[in-house]
Amino acid sequence: MRRTLIAGNWKMNGSFAANHTLLTEIIAGLPADNAVETLVCAPAPYLAQCAEILGKSTVAWGAQDVSAHAKGAFTGEVSASMLADSGCKYVIVGHSERRAYHAESSELVAQKALKALSENIIPVVCVGETLEQRESGETSAIVAAQLQAVMDVLTAEQMGSIVVAYEPVWAIGTGKTATPQMAQDVHAFLRSQLAIKSAEAANAVRILYGGSMKPENAKELLAMEDIDGGLIGGAALKAADFLAIISAC
Ligand code: PGA
1444 MRRTLIAGNW
1454 KMNGSFAANH
1464 TLLTEIIAGL
1474 PADNAVETLV
1484 CAPAPYLAQC
1494 AEILGKSTVA
1504 WGAQDVSAHA
1514 KGAFTGEVSA
1524 SMLADSGCKY
1534 VIVGHSERRA
1544 YHAESSELVA
1554 QKALKALSEN
1564 IIPVVCVGET
1574 LEQRESGETS
1584 AIVAAQLQAV
1594 MDVLTAEQMG
1604 SIVVAYEPVW
1614 AIGTGKTATP
1624 QMAQDVHAFL
1634 RSQLAIKSAE
1644 AANAVRILYG
1654 GSMKPENAKE
1664 LLAMEDIDGG
1674 LIGGAALKAA
1684 DFLAIISAC
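The numbers in the numbering used here rise by one with no breaks, and the one at position 11 of the sequence shown is 1454.
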């Protein structure tokens, strides 16, 4: 059984004061018997704050990016060992905003995943097609190539420990969600791609859906066989919405 993972991606939002309110409300609102693994991915300057507030809770924290380099003269970058020092359990790699605004290639994303794993941090590898690619029937080819770059550098065992997030670019922050069946089709396809590398990995890897997931659509999406959780942007900034998505699992 794959344990459901609900992950918040705060993107470049927050402040010490706002985070304090959000995190304390999340902790207070989690059901006592919460079976859902809960994660928030915060901007780097707030990871210590997450550690302080979430340290004694069941909520994990993670980062939104990591350097592909171990250390040294890479001004502005944050290494996997620094994230490990900050108590991060997860790190998002290859978010479409990084691919688009920072020209990150799938090969670079794969190196970042490898660096995260070397510090025992679980990479949440994002894949997804643009609207143009979907409309020209390229969805499978695009997500397969994005995933393949990671499969090329990870061992079968390492593959089994990652998380994949399918985030159609056209659904991110737009209010447009993939229908549960559209998402399920891509998730099942991604799992079949993972199976080429390793049947165990394909069975173990959690594939999250991301793109305008909110309380109103979470239940239907999360009910699909191959949707093992969510990567949530906008709705993760409001405790009530984030908690409602957790209860929808
Ligand atoms: P959204 O963002 O939920 O605001 O669409 C999801 C994401 O980009 O991870």
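Positions of the beta carbon are idealized from the N, C-alpha and C atoms, including for glycine.
Quantities reported herein were computed from a predicted structural model and do not represent experimental measurements.
Could you give the residue range of the alpha helix (DSSP H) that holds residue i?
| i | result |
| --- | --- |
| G1472 | 1459-1472 |
| R1542 | 1539-1544 |
| M1525 | 1523-1528 |
| A1661 | 1658-1665 |
So for residue i, helix, strand or coil by DSSP?
| i | result |
| --- | --- |
| A1450 | strand |
| P1566 | strand |
| L1490 | helix |
| G1676 | coil |
| H1630 | helix |
| L1597 | coil |
| K1681 | coil |
Can you tell me which of the options puts its alpha carbon nearest to the alpha carbon of residue i?
| i | options | result |
| --- | --- | --- |
| N1660 | K1619, Y1489, I1605 | K1619 |
| A1638 | Y1609, L1664, E1600 | E1600 |
| P1611 | P1623, Y1533, E1643 | P1623 |
| D1684 | G1457, L1473, K1514 | L1473 |
| R1541 | K1532, V1509, G1451, L1497 | V1509 |
| M1667 | E1550, I1650, A1682, K1657 | I1650 |
| I1615 | K1454, T1447, A1523, R1446 | K1454 |
| E1674 | Y1489, V1606, M1625, W1613 | The sequence as given places Leu at residue 1674; Glu does not occur at that position. The option with the nearest alpha carbon to L1674 is V1606. |
| E1480 | S1655, V1502, L1686 | V1502 |
| E1572 | T1598, N1456, Y1609, F1459 | Y1609 |
| D1476 | S1500, M1602, E1575, E1495 | S1500 |
Residue i lies in the beta strand (DSSP E); which residues open and close that run?
| i | result |
| --- | --- |
| I1650 | 1649-1653 |
| T1481 | 1480-1484 |
| V1534 | 1533-1536 |
| V1606 | 1606-1609 |
Check the DSSP bridge columns for residue i and list the partner residues they point to.
| i | result |
| --- | --- |
| T1622 | DSSP lists no partner for T1622. |
| D1497 | Sequence inspection shows Leu at residue 1497; the Asp mentioned does not correspond to that position. L1497 pairs with nothing; no bridge assigned. |
| A1506 | V1534 |
Closest Cβ-Cβ distance between residue i and chain D: below 8 Å?
| i | result |
| --- | --- |
| M1594 | In the structure shown, chain D cannot be found, because there is only a single protein chain. |
Worksheet item: So, do the segment 1560-1572 and the segment 1521-1534 have three or more beta carbon pairs nearer to each other than 8 Å?
Response: yes
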